[in-house]
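The structure under discussion appears below in the form of structure tokens.
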Amino acid sequence: MISSLGQNALQFWDRLSQGISAIGPIGSVDCSRLRFRNGAEVKGFNPADHFDEDQSRVLDRFAQFGIVAAREAVKSAGLEWSPRLCARTGVITGSALGGQGTEDESFAELYLRGAPRLHPLSIPRIMANALASHISMQYSITGPVYTVATACSSANHAIGQAFWLIRQGMIDAALAGGSEAPFSFGNLKAWEAMRVIAPDTCRPFSKSRQGMILGEGGAILVLESREMAISRGAVILGEISGFGMSSDAYHLTQPKPEGAAQAMRAALADAGLPPEKIGYINAHGTGTAANDACEAAAIAMTFGSHTDRLAVSSTKSMHGHALGAAGALEAVATILSLRNSLLPPTANFIDRDPLCDLDVVPNVPREASCEYAMSNSFAFGGLNATLVFRKWC
Amino acid sequence: MSHEITRTVIASIAKLKRISPELVRLDSTFEELDMDSLDGLDLFFELEEVFDLSISDEKARSFRTVGHIVEEIEKLLSPAGDACQSAE
Chain A
16 MISSLGQNAL QFWDRLSQGI SAIGPIGSVD CSRLRFRNGA EVKGFNPADH FDEDQSRVLD
76 RFAQFGIVAA REAVKSAGLE WSPRLCARTG VITGSALGGQ GTEDESFAEL YLRGAPRLHP
136 LSIPRIMANA LASHISMQYS ITGPVYTVAT ACSSANHAIG QAFWLIRQGM IDAALAGGSE
196 APFSFGNLKA WEAMRVIAPD TCRPFSKSRQ GMILGEGGAI LVLESREMAI SRGAVILGEI
256 SGFGMSSDAY HLTQPKPEGA AQAMRAALAD AGLPPEKIGY INAHGTGTAA NDACEAAAIA
316 MTFGSHTDRL AVSSTKSMHG HALGAAGALE AVATILSLRN SLLPPTANFI DRDPLCDLDV
376 VPNVPREASC EYAMSNSFAF GGLNATLVFR KWC
Chain B
291 MSHEITRTVI ASIAKLKRIS PELVRLDSTF EELDMDSLDG LDLFFELEEV FDLSISDEKA
351 RSFRTVGHIV EEIEKLLSPA GDACQSAE
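Respectively, the protein sequence lines represent chains A and B.
Counting with this note's numbering, you get residues 16 to 408 for the letters of the first sequence.
Counting with this note's numbering, you get residues 291 to 378 for the letters of the second sequence.
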């Protein structure tokens, strides 16, 4: 994985588990014509460290992040590719924006500088499925390969579908996750117009929260059936127990608690678990007024009196909101929280909001051993996707 | 309050909600006008374009009535105000 917290999973967890936030001044875009200045960028990423010139030419930054993440995941999983495994493996990626950075640069050339033509590889760089296709080609994976674009729920939808495909026996393994690179002037102006970006930092569940902070990065999980993992002696990092999704069918940007609760209940039902089994929730927790209050209400609807015994944190307070990659970064955060019996905090927390009456693990990481944890992603357009993870022991 | 600013704000809301300007008063609340958050974004975008100014997110979140918007635009357009400022 790669994120503002570091360029691999170890660095990510090292900082996350200490409650260190990577949010700071945006360096890649001139913010003088923007109402906000801060983001959670991947700093010091040099494509030449990972790709030769021929490869770089065809890869937008979002795809570069995803490939770097996939390589780390495959190496860490110790997969040995055989023709049968290649045919029985899927790649499902999520991205809200695809290669919008390439689009932004290309259109600036066209409209501003009067360029007579665009680069012939513009479309293959921009297409949202570029990452899935590149991963497929890199490892000769010929099973189901596709991309999900459900805004901020993209990666959770991707991971959930990969999980279901494996559980149903349609494939044996999958590379699933998401990647995003939202830092271009055009895209930041579009976010500015939404009026949901905080001028300072991301303070999920705080009464004084002022909005979200954009982040970037990518994370890919190697998923396989329990039988395959055990039989090949894999180091198993965690287990996916359930997946649930729903649509609010309500409003483009205003979330509805009933919709989020429906996704959480569906994930619990899919896992065959009563709510009381969940110990920790990695919240969607964007830091916007609407999301956090709605998510708190949805958690209360889903968990009832057990809500008081839940720990709920938003790691977006540290790695920002990576949109279509968010669920993938947070899946890693949740799996490593279970594995290390340590809950990452909600960083930047300053004041309690009665509308978010949750134990948000404020500012300080907490040792806690949970068997099951949940990770929520909710998207503009009212699309909700929830994963349930189990500690592997 | 400036008659011209008031008239423009009311006309923008009436156009956005497809209602008669006579139904929009200075003390009308967003709720009374059935304006949701997206309508608000649309309205502020329109007013920023028309008056060539920038309304801060913090201010935009604080508006409850049509009069609040008119007051803020008057402030931003006054000689002491800074129409380009997007103070946060």
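Heads up, the beta-carbon is just placed ideally off N, CA and C, and yes, glycines get one too.
Those residues which DSSP pairs with residue i across a bridge
i      : result
A/H336 : A/L229
B/T319 : B/T355
A/V403 : A/G257 and A/M389
A/Y161 : A/I107
A/V192 : Here the sequence assigns Gly to residue 192 of chain A, which means Val is not the residue at that position. For A/G192, which the question treats as bridged, DSSP gives the partners A/T108 and A/I235.
A/S18  : A/G21 and A/G232
A/L398 : A/S262 and A/A394
A/T361 : A/P377
A/E382 : A/L357
A/A55  : A/G230
A/G42  : Its beta-bridge partners do not exist; DSSP assigns none.
A/S221 : A/R367
A/V327 : A/I296
A/I212 : A/M227
Burial state of residue i (16 or more Cβ within 10 Å)
i      : result
A/Q176 : buried
A/L127 : exposed
A/N61  : exposed
A/E68  : exposed
A/E120 : buried
A/I350 : buried
B/D324 : exposed
A/S8   : There is simply no residue 8 of chain A to check, as chain A begins at 16 and stops at 408 in what is shown.
B/R297 : exposed
A/Y265 : exposed
A/P270 : buried
A/Q183 : exposed
A/A341 : buried
A/S352 : buried
A/S424 : Because chain A in this structure spans residues 16 to 408, residue 424 of chain A falls outside the shown range and cannot be described.
A/G319 : exposed
A/L370 : exposed
A/R247 : exposed
A/C408 : exposed
A/I296 : buried
Rounded C-alpha distance that separates residue i from residue j
i      : j      : result
A/P135 : A/S151 : 22 Å
A/K90  : A/L338 : 26 Å
B/H293 : A/N202 : 37 Å
B/K305 : B/E322 : 16 Å
B/S368 : B/T355 : 20 Å
A/T162 : B/V314 : 46 Å
A/T317 : A/A276 : 6 Å
A/P377 : A/S328 : 8 Å
B/L328 : A/A102 : 46 Å
A/E310 : A/S148 : 34 Å
B/E336 : B/S302 : 7 Å
B/F353 : A/N363 : 27 Å
B/I359 : A/K292 : 49 Å
A/I156 : A/E239 : 14 Å
A/Q33  : A/V379 : 8 Å
A/N171 : A/N391 : 8 Å
B/A377 : A/M16  : With a pLDDT of 42 at B/A377, under the threshold of 50, the modelled position of this residue cannot be trusted; read the value that follows with caution. Going by the C-alpha atoms only, they are around 37 Å apart.
A/L190 : A/A343 : 11 Å
B/E338 : B/L366 : 11 Å
B/Q375 : B/K307 : In this prediction, B/Q375 has a pLDDT of 49, which is less than 50 and means its spatial position is unreliable; what the coordinates show is noted afterwards. Their backbone Cα atoms lie some 28 Å apart in a straight line.
A/A145 : B/A370 : 52 Å
A/F122 : A/P40  : 25 Å
Supposed close pair residue i, residue j - CB separation, criterion 8 Å
i      : j      : result
A/L267 : A/H336 : 17 Å between Cβ atoms; not a contact.
A/I186 : A/T104 : 6 Å
A/G81  : A/G233 : 4 Å
A/Q115 : A/S199 : 6 Å
A/V44  : A/E231 : 11 Å between Cβ atoms; not a contact.
A/L100 : A/A188 : 7 Å
A/T330 : A/E345 : 6 Å
A/E10  : A/L112 : Residue 10 of chain A is absent from the model: chain A starts at 16 and stops at 408.
A/F393 : A/H299 : 5 Å
A/R405 : A/E382 : About 19 Å separates the two Cβ atoms, so there is no contact after all.
A/G192 : A/A84  : 7 Å
A/I141 : A/T165 : That pair is no contact at about 18 Å.
A/G397 : A/S262 : 5 Å
beta-carbon residue i near the ligand ADP non-hydrogen atom, thresh 8 Å
i      : result
A/S155 : As far as ligands go, the structure on display features none, and thus does not contain the ligand ADP.
Worksheet entry | Near-chain B residues of the region 194-216 of chain A - C-beta to any C-beta below 9 Å | E207, A208, M209, R210, V211, I212, A213, P214 and D215
Practice prompt. Could you run through the region 308-331 of chain B and flag, in chain order, every residue whose CB is less than 7 Å away from some CB of chain A?
Written response: D326, S327, L328 and L331
Practice prompt. Pull out every residue of the region 340-358 of chain B whose Cβ sits closer than 8 Å to any Cβ of chain A, in chain order.
Written response: S344, S346, D347, E348, A350 and R351
Worksheet item: Going along the region 239-267 of chain A in order, which residues come within less than 8 Å of chain B, judged by CB to CB distance?
Response: H266 and L267
Discussion item. Tell me which residues of the region 40-72 of chain A have at least one Cβ-Cβ distance to chain B shorter than 7 Å, keeping chain order.
Written reply: R50
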